[in-house]
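Working notes for the structure below.
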Amino acid sequence: GDSVTQMEGPVTLSEEAFLTINCTYTATGYPSLFWYVQYPGEGLQLLLKATKADDKGSNKGFEATYRKETTSFHLEKGSVQVSDSAVYFCALSLKTSYDKVIFGPGTSLSVIP
Amino acid sequence: DAGITQSPRHKVTETGTPVTLRCHQTENHRYMYWYRQDPGHGLRLIHYSYGVKDTDKGEVSDGYSVSRSKTEDFLLTLESATSSQTSVYFCAISTEINQPQHFGDGTRLSIL
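Keeping their order, the protein sequence lines are chains A and B.
Just so we're aligned: 2 in the numbering used here is position 2 of the first sequence, and the numbers increase by one with no gaps anywhere.
Start counting at 1 in the second sequence, then tack on 1000, and there's your number in the numbering used here.
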């Protein structure tokens, strides 16, 4: 079946370190891919998206590239800040079904000064 | 931010009582969703709606019902709450199936 797999957390980094959170997916057809971020006590917010192969989504210094050949959508940031501490969710959406928005389990990131 | 309001934000109730959570949007989006978020399970879809009076079940619909009588409101009802339904509940909206979802700030529900 369709699924999203993310790297296990929690991830702890020092400020200004490089961040990679791995995400791979299994899907029939050609999904849209998303990264959402959840800050403590809040709902999820869209961070970035990509709708077709080789698209690169970017926002607030975060980037992710839709890799069809490796079915991956890894999230990267060159220099993390304490304010980036949050839970990050990879997700896919299939165009053909109302309920086919599948979220990964989330990866918790803590950035320490 | 998308105009989504969930109410109440916190609720504590007893096993066996009925509970209704409300999601109100001001964006006129067609699609609305109810999720629950639990440690170790991530987000799981309970029910969703694709229009007024058009709803369907998600992954974990047992014990829950929904109603959507107006575009802006999507209600989630626990007919007889159980302790296993203690969770954080999120409402989300979207314009189309494959477009990003916008989330409310959640309702923390505790069933004792």
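Beta carbons: idealized from backbone N, C-alpha and C, even for Gly.
Could you spell out where the beta strand (DSSP E) holding Lys1070(B) opens and where it closes? As a position in the second sequence, residue 1070(B) is number 70, starting the count at 1. First-last of the beta strand (DSSP E) with Lys1070(B): Tyr1064 to Lys1070.
Is Arg1061(B) helix, strand or coil by DSSP? Reading the second sequence from its first residue, position 61 is the one you call residue 1061(B). The question names Arg, but residue 1061(B) is Ser in the sequence shown. Here Ser1061(B) sits in coil by DSSP.
What are the residues of the region 1041-1074 of chain B that lie near chain A, defined by any Cβ-Cβ distance shorter than 7 Å? Gly1042, Leu1043, Leu1045, Tyr1048, Tyr1050, Asp1056 and Gly1058
At a CB distance below 9 Å, what residues from the region 31-55 of chain A approach chain B? Give them in sequence order. Pro31, Ser32, Phe34, Tyr36, Gln38, Gly41, Glu42, Gly43, Leu44, Gln45, Leu46, Lys49 and Thr51
Any C-beta of chain B under 8 Å from that of Pro113(A): Taking the first residue of the first sequence as 1, we reach residue 113(A) at position 113. No - not a single Cβ of chain B is within 8 Å of the one on Pro113(A).
Between the C-alpha atoms of Leu1078(B) and Ala86(A), what's the straight-line distance to the nearest angstrom? Counted from its first residue, the second sequence places residue 1078(B) at position 78. Counted from its first residue, the first sequence places residue 86(A) at position 86. Answer to the nearest angstrom: the Cα atoms are 30 Å apart.
Whole beta strand (DSSP E) elements within the region 14-51 of chain A, 3-residue minimum: 19-21, 23-26, 32-38 and 44-50
Quick check: is the beta carbon of Lys60(A) nearer than 8 Å to any beta carbon in chain B? For the purposes of this step, residue 60(A) is taken as the residue at position 60 of the first sequence. Not closer than 8 Å to any Cβ of chain B, the Cβ of Lys60(A) fails to qualify, so no.
Given Asn1098(B) as reference, the closest of Thr20(A), Phe34(A) and Asp54(A) once Cα atoms are compared: The residue you call residue 1098(B) lines up with position 98 of the second sequence. Nearest C-alpha to Asn1098(B): Phe34(A).
Under 8 Å between C-beta atoms of Gly48(A) and Ser58(A): Against the first sequence, residue 48(A) aligns to sequence position 48. Against the first sequence, residue 58(A) aligns to sequence position 58. Strictly speaking, residue 48(A) in this sequence is Leu, with Gly absent from that position. Yes, they are a contact pair.
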